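Everything below concerns the one structure shown next.
Next up, the structure:
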């Protein structure tokens, strides 16, 4: 699995780097079947241990909501811990809400719909899901 993810991301190339999250860098990639993925490579410095990672992955995988990216799988191999998510081709949500130039191109109704979608996703995580998700899974830009 690790070799497949490494190949998809061109060996975690900087050209494929989408950003840096709280747990480590995120890379876009294309699997052999043509599906685009976002691979979150947990850094070795992450405070999250292997046992904690193994126990949380099944919980994250059960979270399904139209306003949340879907966890497709994970890789625990060769000392690596990688979460594989569906790839969302647009930029981060904060870009559409807070970037001065982009913000001007959106009507208020469009911005309202984006913020409403964020609120629905958070409501699902905190109240509507059978699994209660804490704040450590949330980042303001996402």
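Numbering (this note's numbering), first residue to last: 5 to 146. From the three backbone atoms N, C-alpha and C, an ideal C-beta is built for every residue, glycine too. Since this is a predicted model, take the numbers as computed values, not measurements.
- Per DSSP, the beta-bridge partners of residue 79 are 86.
- About 5 Å separates the beta carbons of residue 57 and residue 85, which is inside the 8 Å limit, making them a contact pair.
- Residue range 21 to 24 is occupied by the beta strand (DSSP E) that includes residue 22, with no alpha helix (DSSP H) assigned at that position.
- Rounded to whole angstroms, the separation of the alpha carbons of residue 111 and residue 77 is 37 Å.
- Boundaries of the beta strand (DSSP E) harbouring residue 29: 29 to 34, taken from the DSSP string.
- Residues of the same chain with a CB within less than 6 Å of the CB of residue 88, apart from the 5 flanking positions on each side, are 41, 43, 76 and 77 in chain order.
- The beta carbon of residue 64 lies closer than 7 Å to those of 75 in the same chain, with the five residues before and after it left out.
- Counting C-beta atoms within 10 angstroms of its own C-beta, residue 13 has 16 or more neighbours from the protein chains shown and is therefore classed as buried.
- A direct Cα-Cα distance of roughly 24 Å separates residue 118 from residue 31.
- Per DSSP, reduced to three states, the secondary structure at residue 95 is coil, with no helix or strand assignment.
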